[in-house]
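Inspection log for the structure reproduced underneath, given as structure tokens.
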Amino acid sequence: MKTDVSTAGTSPAPGEAGGQLTVDLGALAANWRELKRRAAPARCSAVVKADGYGLGLTPVAMALAKAGCETFFVALLEEARRLRAALPAATIYVLDGLMPGTAPEFRNLRVEPVLGSRAEIDEWDAFARDRGELLPAAIHIDTGMERLGLSTDEARARAERLPLLHFKPSLVMSHFACADEPAHPLNAKQIAAFRELAALFPGTPASLANSAGLLAHPASHFDLVRPGISIYGGRAVIGQENPMQPVVRLDLRILQVRHAVKGASIGYGATRTFSRDSRLAICAAGYADGIFRAVGSSDQRNGAELIVAGRRCPLAGRVSMDLIAVDVTEVPDVKRGDFATLLGDGIGVDEFAAHAGTIGYETLTNLGRRYTRVYVGG
Ligand SMILES: *Cc1c(COP(=O)(O)O)cnc(C)c1O
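Just so you know, the sequence shown maps onto residues 956 to 1333 in this note's numbering.
This is the structure:
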């Protein structure tokens, strides 16, 4: 596999950075192809909002396009602008929809808003009418999330006036609230409600499934699926084995190895006291780099683990802004300049997230900007 050090953006030089974040674009593409296979005959898009779930919008989107992906979802217009620069021919939807006055820029970029309220539909419709162009856009219907989307009644009212619209609905969509919990009763309700509402827009492709819907609810596939987290290797469905390959690896630089005598304590708050003479590897990353403070340890509670020279080692004490300590008492031959693996070699984003009481999504989207970023397998 060819290694390609990215010099784009502000990625620091490998010898100077507190860690190296490696994104496996081969695994990413393989995950997408596997999702596409499971979704067929529905088409498979890719959700690349929040900078491609923190992994880098442009390299992620280009790898997915190369794998055959043609439709992408971002959250904001600025993300769509960056994506359009990388992919001139892709279909791009903006999930947060149409902010007031932004219709001309959507048209300039050939990007489609996901219209989620009457006001947005009216603004887009008036813009299309004034331009005399049948501009495409998605219509978002709420079926139980109560976040964005037309109410059921509003959707019915719009559907009755379809011939009067001046724009072209290119997609009718809704979003699951609880697809990660397969037995939740809201899933079946949302699927049934959406089936009925989508039928009011004949000839318009329908889309409901996120990653969890794709993996756990075949009845939710409709015409287009919208996976995000599964592409990036994260777990979408609670209580099921995650069939996706890991995509991210994070190795932290060891700044120094030091000895602590039995009875000494470490870090802010002196939360962890050593019950034996110990050896510590001090690593150059902290909560400013996405290592949540909640993964630290104390005498009462174990924290996250890292892998040093092939062995799992516990994080010792609190997480500082730019530093963590790892207990390497059991590992011979650790030295200054080596690496400790926070993600990779069997430690996934979800294991790390669980120590902080959060989810893989939040781990990925908080990965720091101070690491050297390396893209492999592209
Ligand atoms: C983020 C998002 C997705 C993707 O969700 P995953 O759980 O990451 O697969 C799909 N649809 C909408 C509307 C979203 O906001």
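All C-beta atoms in this analysis are idealised placements derived from N, C-alpha and C, irrespective of residue type, glycine included.
Bear in mind that the values here come from a model prediction, so they are computed numbers and not experimental data.
Sub-8 Å separation of residue i and residue j beta-carbons
{"i": "leucine 1261", "j": "leucine 1297", "result": "yes"}
{"i": "alanine 1336", "j": "threonine 1098", "result": "Residue 1336 is absent from the structure shown; the chain starts at 956 and stops at 1333."}
{"i": "alanine 1259", "j": "glycine 974", "result": "no"}
{"i": "arginine 1113", "j": "isoleucine 1076", "result": "yes"}
{"i": "valine 1203", "j": "arginine 1234", "result": "no"}
{"i": "serine 1129", "j": "glutamine 1145", "result": "yes"}
{"i": "glutamate 1078", "j": "alanine 1092", "result": "no"}
{"i": "aspartate 1178", "j": "alanine 997", "result": "yes"}
{"i": "valine 983", "j": "alanine 1018", "result": "Sequence inspection shows leucine at residue 983; the valine mentioned does not correspond to that position. Yes, the Cβ-Cβ distance between leucine 983 and alanine 1018 is below 8 Å."}
{"i": "leucine 976", "j": "leucine 1322", "result": "yes"}
{"i": "leucine 1032", "j": "glutamate 1067", "result": "no"}
{"i": "proline 1118", "j": "phenylalanine 1156", "result": "no"}
{"i": "glycine 1299", "j": "leucine 1152", "result": "no"}
{"i": "alanine 994", "j": "leucine 1169", "result": "yes"}
{"i": "leucine 1126", "j": "proline 1160", "result": "yes"}
Residues that DSSP places opposite residue i in a beta bridge
{"i": "alanine 1295", "result": "Leu1207"}
{"i": "leucine 1126", "result": "Ala1093"}
{"i": "glycine 974", "result": "Leu1207"}
{"i": "serine 1162", "result": "Met1128, Leu1179"}
{"i": "cysteine 1133", "result": "Bridge partners of cysteine 1133: none, in fact."}
{"i": "valine 1002", "result": "Phe1028"}
{"i": "proline 1173", "result": "DSSP, once it has assigned bridges, lists no residue as partnering proline 1173."}
{"i": "tyrosine 1048", "result": "Phe1028, Glu1067"}
{"i": "histidine 1214", "result": "Arg1234"}
{"i": "valine 1015", "result": "DSSP output for valine 1015 lists no bridge partner at all."}
{"i": "leucine 1105", "result": "Ile1096"}
7 Å CB neighbourhood of residue i in its chain, flanking five on each side removed
{"i": "histidine 1139", "result": "Cys1133"}
{"i": "glycine 1224", "result": "Arg1273"}
{"i": "isoleucine 1193", "result": "Asp1135, Glu1136"}
{"i": "valine 1286", "result": "Val1263, Ala1264, Arg1266, Cys1268"}
{"i": "glutamate 1034", "result": "Lys1004, Leu1012"}
{"i": "lysine 1217", "result": "Phe1229, Ser1230, Arg1231, Asp1232"}
{"i": "arginine 1325", "result": "Pro967, Ala972, Gly973, Asp1244"}
{"i": "arginine 1181", "result": "Ser1000, Val1002, Phe1028, Ser1162, Ala1164, Asn1165"}
{"i": "leucine 1120", "result": "Asp1080"}
{"i": "methionine 956", "result": "Below a pLDDT of 50, predicted positions are generally treated as unreliable, and methionine 956, at 39, falls in that range; the measurement from the model is reported next regardless. Closer than 7 Å at Cβ, skipping near neighbours: Gly981, Val1331, Gly1332."}
{"i": "methionine 1199", "result": "Asn986, Ser1185, Gly1188"}
Residues of its chain near residue i, where Cβ-Cβ distance is below 8 Å and the 5 sequence neighbours each way are ignored
{"i": "arginine 1291", "result": "Ile1209, Leu1210, Gln1211, Val1212"}
{"i": "leucine 1207", "result": "Gly973, Gly974, Cys1238, Ala1239, Ala1240, Leu1261, Ile1279, Phe1294, Ala1295, Thr1296, Leu1297"}
{"i": "glutamate 1088", "result": "Arg1062"}
{"i": "aspartate 1277", "result": "Gly973, Ala1239, Ala1240, Gly1241, Ala1243, Asp1244"}
{"i": "valine 1250", "result": "Gly1258, Ala1259, Leu1270, Val1274, Phe1307, His1310, Ala1311"}
{"i": "histidine 1214", "result": "Asp1232, Ser1233, Arg1234, Leu1235"}
{"i": "methionine 1054", "result": "Leu1032"}
Contact set for residue i: own chain, Cβ-Cβ below 6 Å, skip 5 residues either direction
{"i": "glycine 1007", "result": "Val1015"}
{"i": "alanine 1020", "result": "Leu1042"}
{"i": "aspartate 959", "result": "In this predicted model, aspartate 959 has a pLDDT of only 47, less than 50, meaning its place in the structure is not dependable; the value taken from the coordinates is given anyway. The residues are Tyr1330."}
{"i": "arginine 1039", "result": "Leu1064"}
{"i": "threonine 1228", "result": "Ser1220, Asp1254"}
{"i": "lysine 991", "result": "Cys999"}
{"i": "phenylalanine 1122", "result": "Trp1079, Asp1080, Ala1083, Leu1090, Ala1092"}
{"i": "alanine 1171", "result": "Pro1137, Val1192"}
{"i": "glycine 1009", "result": "Leu1319, Thr1320, Leu1322"}
{"i": "serine 961", "result": "A caution first: serine 961 carries a pLDDT of 46, below 50, which makes its placement in the model too unreliable to give a value."}
{"i": "serine 1175", "result": "Ile1146, Leu1163, Ala1164, Gly1168"}
{"i": "asparagine 1197", "result": "Arg1190"}
Closer than 7 Å: residue i CB and nearest ligand 1 heavy atom
{"i": "asparagine 1165", "result": "yes"}
{"i": "valine 1192", "result": "no"}
{"i": "glycine 1224", "result": "no"}
{"i": "isoleucine 1184", "result": "yes"}
{"i": "isoleucine 1181", "result": "Note on residue identity: the sequence assigns arginine, not isoleucine, to residue 1181. Yes, the beta carbon of arginine 1181 sits closer than 7 Å to at least one heavy atom of ligand 1."}
{"i": "lysine 991", "result": "no"}
{"i": "valine 1304", "result": "no"}
{"i": "valine 1003", "result": "no"}
{"i": "alanine 1121", "result": "Just to set this straight, residue 1121 is histidine in the shown sequence, not alanine. No, Cβ of histidine 1121 sits at least 7 Å from all heavy atoms of ligand 1."}
{"i": "histidine 1176", "result": "no"}
{"i": "leucine 1334", "result": "There is simply no residue 1334 to check, as the chain begins at 956 and stops at 1333 in what is shown."}
{"i": "histidine 1214", "result": "no"}
{"i": "histidine 1130", "result": "yes"}
Checklist entry - Is it true that the region 1189–1204 meets the region 1311–1330, where meeting means three or more beta-carbon pairs spaced less than 8 Å apart? => result yes
Item to check | Three CB pairs or more closer than 8 Å across the region 1061–1079 and the region 1103–1121 | outcome: yes
Next on the checklist: Pairs of beta-carbons, one from the region 994–1002 and one from the region 1296–1314, closer than 8 Å: are there three or more?
Outcome noted: no
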